[in-house]
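*Asks:* Going down the list, the protein sequences come from chains Y and Z. As numbered in my numbering, residues 1 to 358 make up the first sequence, in order. As numbered in my numbering, residues 359 to 701 make up the second sequence, in order. Pasting a structure below so you can have a look.
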Amino acid sequence: MTQAALIQQHSFLNRVRRYYFSGARSTLLSLICFAFLAWLIWTLIDWGIMRATFDASARQPECDANGGACWSVIANRWRLIMFGLYPYEEQWRSALACLAVVVTMVLSCLPAFWTGRRLAATWFLGFATFFILMKGGILGLPLVREEQWGGLSLTLFIFTGTAVIGMPLAICLALLRSSEMPWIARTTGAVIDAVRSLPLISILFTFAIVLPFMLPGFLIGEKLYRVICGSALFFAAYQSEIIRGGMQGVAKGQDEAAKALGISYRHRVSRILLPQAFRNALPATINQFVITFMETSLVVIVGFFDLLASGNAAYGTGEWTFAFVEVYVFVAAIYFIFVFGLSRYGGYLERRMSVDQR
Amino acid sequence: MKKVLNIAILATATVIGASAAHADNGDTLKEVKARGALNCPGHTGSYLGFAEVDDKGVWNGLDIDLCRAMATATLGSPDKLKVIPLSWAQRWPSLQSGDVDIIIKASGGTFSRDTELGFQFSNSYYLGTTKVMAHKELGLTSMKDADGGTICIPAGASQERQVASYAEKLGIELETVAIEKTEELEDAYFSGRCDLYAQWGPVLAIARSVSKNPDDHVLLPDVLAVEPEVMISRQGDDNWVDISNWVLSVLLFAEQEGVTSHNVDEMKANPPTNEIAKMLGAQPGFGKPLGLEDDWGYNVIKNVGNYSEIFERNLGQDSPYKMPREMTALWNNGGVLFPLVID
């Protein structure tokens, strides 16, 4: 073992001793906590793996006999959970569409894609692929209307749609609110505050169900797109305040100096103000994205079969009512993968940006 | 929060209803025929026995099969049914706006739905009762014996009020545990936190039948409240309401006369009575006055079955729930259902 490794190991043990076993009281507390953790993890493994039933043909009697989790429900109903009411024979399309959105999301997270043109092209291609696959009606794919979409692909579509419409809108709102013309700033402020004072459910309900009574026929469109617009508006109202907070952290002198140099408004905003504002606002922005992803499950209230609703439908039959915990664990795992990925990415961005700052 | 939302939604629906009730509600049958599909409500998730989804995403259930019967009567095929998932909150505005043509969603006929929301009802296709389940080891024979017990009830639902007033009537004291989510509620009862569990009858019976040891639980004979479940249409389209009533009557009349999906061909070829001949379209005159084909009754029975077949398939002996018909039986079997007279 090299000296460095020895020192490291030594310091690791030292640290453990210092942090967890420095005195009688902390030793006791640590032991209790570790014992509790070990018990918790053991219980989970015992329930989820050791005594669990994985056989797809097993039903309640077999599962009860084994005593653990009954993953047979997932084996039988996973397609319902993942794809909702999407026509059974066409579900490969929904799977590919999901993949397209995930790839688009991952690509646009890579710094190499961070130019306006590349981002726009990626998203355009991503959405076009998603749309052609999901809706069909061309290239020999049978037409599947939006009301039959469901499961993970619907959740992802609503989330990305909200983000893609909501983010530019949020930037606009933030800039308008910090405008030097008082009536613009005040009107925007009033709009933002009004949207923020309404619960998301009531906004979704209004956009999905009440709006068709008020709009002229050609403006009504599909319920799905109205709901995404409502959700994007809600997202933008919150996100614009986050961005404005970030902008306030940029020293006023920078803007004034840029003005003195005769730099145009467009460049002052896009090259000086926004990049710094986004860096300041990054943790809160990631937070907002995570919340938005979770909130997509509220669309059940207007009759969409998103991931959570399909999960409900999956255990909602006489055979499987007993296995709702397993279904919820499965759905939670899917949410976890996406949200954890988002948070990790946020952490990476913060590290990357702080390198620039130094 | 949920209550506030519900009130807001009801208010919206009332406002829309008031303005829409007297407007021209059009001819639903004509719209359905032009569209080539009947739009019927499903559920966001599932409602055991009434609307649930199989492994391939196909809807099943008592309510869904009634929708299939409507689709078959109006368009000739059960495949012309389009199920639109609706949350409970959404059903009234969706009917008013025309997103669905009819509401068949375990919904009772009430005064405010009739007048304020501007709807019309068919005859009742199911008598929903509020009942109480108890752990058998307690040895209860009726609610009277339950004095001092703990009862689990769904929070914010009408059962809360029904239990309170029933307990008052009997002069007994009950400790209530109100829980909103059905899974948690049932968990609380089955884990022994409550002695009793009050719920809408079918949900209760299903909860018992799918529990680990159904025999450890008894349904008490007390009926705390009844709610006739009906098919709900927009006000001002009398013919559409007539169609829903006659579809139900055909299902019940076929059961009463022993016409099933298996013997319907034979019955049509050699009808034992004039009424059956007329219902199955062996004689003309059953379709035209309603704007339907003359053999719509035959199509419904052939494709969907009579009421008994629908019930047994979804809730009764052929389903996992094994519910008895009880009050939902025909009048000649001790139930409350009856067909109108085909003359």
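Glycine is no exception: its CB is placed at the ideal position from the N, C-alpha and C atoms.
1. How would you list, in chain order, the residues of chain Z whose beta-carbon sits under 7 angstroms from the beta-carbon of Asn66 (chain Y)?
2. So, does the segment 481–497 of chain Z touch the segment 558–572 of chain Z, judging by three or more C-beta pairs under 8 angstroms?
3. Going straight from the alpha carbon of Leu28 (chain Y) to that of Ala97 (chain Y), what length do you get?
4. Can you tell me where the beta strand (DSSP E) holding Asn397 (chain Z) begins and where it ends?
5. Hey, is Thr122 (chain Y) close to the ligand NAP, as in C-beta under 6 angstroms from one of its heavy atoms?
6. Between which residues of its own chain and Arg471 (chain Z) is the CB-CB distance below 6 angstroms, once the five residues before and five after are set aside?
7. Using a 10 Å radius around the Cβ and a threshold of 16 neighbouring Cβ atoms, would you call His401 (chain Z) buried or exposed?
8. Would Met50 (chain Y) be called buried (16 or more neighbouring beta carbons within 10 Å of its own) or exposed?
9. Hey, would you say Glu585 (chain Z) sits closer than 7 angstroms to Gly466 (chain Z), going by beta carbons?
10. Helix, strand or coil: how does DSSP classify Lys259 (chain Y) here?
11. Among Y:Gly249, Y:Ile272, Y:Leu204 and Y:Phe130, which one has its Cα closest to the Cα of Ala258 (chain Y)?
12. Taking the beta strand (DSSP E) that Val588 (chain Z) falls in, what are its first and last residues?
13. Distance, Cα to Cα, Asp574 (chain Z) vs Leu528 (chain Z)?
14. Compile a chain-ordered list of the residues in the segment 210–234 of chain Y whose CB is closer than 9 angstroms to at least one CB of chain Z.
15. Could you give the residue range of the alpha helix (DSSP H) that holds Tyr315 (chain Y)?
16. Beta-carbon within less than 6 angstroms of Gly126 (chain Y)'s beta-carbon, same chain only, minus the 5 sequence neighbours each way: which residues are those?
17. Please identify the residue among Y:Ile184, Y:Ala208, Y:Ala170 and Y:Leu141 whose C-alpha is closest to the C-alpha of Asp457 (chain Z).
18. Helix, strand or coil: how does DSSP classify Ala379 (chain Z) here?
19. In the segment 69–82 of chain Y, which residues sit with their C-beta less than 9 angstroms from some C-beta in chain Z, listed in chain order?
20. Using C-beta distances below 6 angstroms, list every residue in its chain close to Leu82 (chain Y), excluding the 5 sequence neighbours before and after it, in chain order.
21. Confirm, please, whether the CB-CB distance from Ser480 (chain Z) to Ser607 (chain Z) is below 7 angstroms.
22. Can a CB atom of chain Z be found closer than 7 angstroms to the CB of Ala313 (chain Y)?
23. Would you decide whether Tyr315 (chain Y) is buried or exposed? Buried here means 16 or more other CB atoms lie within 10 Å of its CB.
24. May I ask you to report which of helix, strand or coil DSSP gives Gly230 (chain Y)?
25. Pairs of beta-carbons, one from the segment 51–64 of chain Y and one from the segment 415–427 of chain Z, closer than 8 angstroms: are there three or more?
26. Helix, strand or coil for Met359 (chain Z), going by three-state DSSP, please let me know.
27. Going along chain Z in order, which residues have a C-beta closer than 7 angstroms to the C-beta of Ala309 (chain Y)?
28. Which ranges would you report for the alpha helix (DSSP H) in the segment 618–681 of chain Z if only whole runs of at least 4 residues count?
29. With DSSP collapsed to three states, give me the class of Asn76 (chain Y).
30. Please list, in chain order, the chain Y residues whose beta carbon lies closer than 9 angstroms to that of Ser452 (chain Z).
31. Could you confirm whether any beta carbon from chain Z is found closer than 7 angstroms to the beta carbon of Leu85 (chain Y)?
32. May I ask you to report which of helix, strand or coil DSSP gives Thr386 (chain Z)?
33. Does the separation of the CB atoms of Gly303 (chain Y) and Ala236 (chain Y) fall below 7 angstroms?
34. Are the beta-carbon atoms belonging to Asp306 (chain Y) and Leu154 (chain Y) less than 7 angstroms from one another?
35. Indicate whether at least one CB of chain Y lies closer than 7 angstroms to the CB of Tyr679 (chain Z).
36. Among all the DSSP beta bridges, which residues are the ones paired with Ser482 (chain Z)?
*Replies:* Straight from the coordinates:
1. What Asn66 (chain Y) touches in chain Z: nothing, since even the nearest Cβ is about 14 angstroms away.
2. With a cut-off of 8 angstroms, the segment 558–572 of chain Z and the segment 481–497 of chain Z count as touching, because enough Cβ pairs lie within range.
3. 53 angstroms
4. From DSSP, the beta strand (DSSP E) with Asn397 (chain Z) extends over Leu396 to Pro399.
5. Ligands displayed in this structure: none; no statement on the ligand NAP is therefore possible.
6. Phe477
7. Flag for His401 (chain Z) reads buried.
8. exposed
9. yes
10. helix
11. Minimum Cα distance to Ala258 (chain Y) is reached at Y:Ile272.
12. Ala583 to Arg592
13. 25 angstroms
14. Val210, Pro212, Phe213 and Lys223
15. Per DSSP, Tyr315 (chain Y) belongs to the alpha helix (DSSP H) from Leu307 to Tyr315.
16. Ala100 and Thr104
17. Y:Ala208
18. At Ala379 (chain Z), the pLDDT of 41 sits below 50, so the modelled position is not reliable; the number obtained from the coordinates is stated separately. Correct three-state label for Ala379 (chain Z): helix.
19. Correct list: Asn76, Arg77, Arg79 and Leu80.
20. A quick correction: the sequence has Met, not Leu, at residue 82 (chain Y). Answer for Met82 (chain Y): Gly151 and Leu152, listed in chain order.
21. No, the Cβ-Cβ distance between Ser607 (chain Z) and Ser480 (chain Z) is not below 7 angstroms.
22. Closer than 7 angstroms: yes.
23. buried
24. helix
25. With the cut-off at 8 angstroms, the segment 51–64 of chain Y and the segment 415–427 of chain Z do not touch.
26. Because the pLDDT at Met359 (chain Z) is just 42, under 50, the model does not fix this residue reliably, and the value given afterwards should be weighed accordingly. If DSSP states are grouped into helix, strand and coil, Met359 (chain Z) belongs with coil.
27. Within 7 angstroms Cβ-Cβ: Thr402 and Gly403.
28. Counting only runs of 4 or more, we get 622–627, 632–637, 654–662 and 665–672.
29. helix
30. Ile209 and Gly303
31. yes
32. helix
33. Between Gly303 (chain Y) and Ala236 (chain Y), the C-beta spacing is not below 7 angstroms.
34. yes
35. yes
36. Z:Val588
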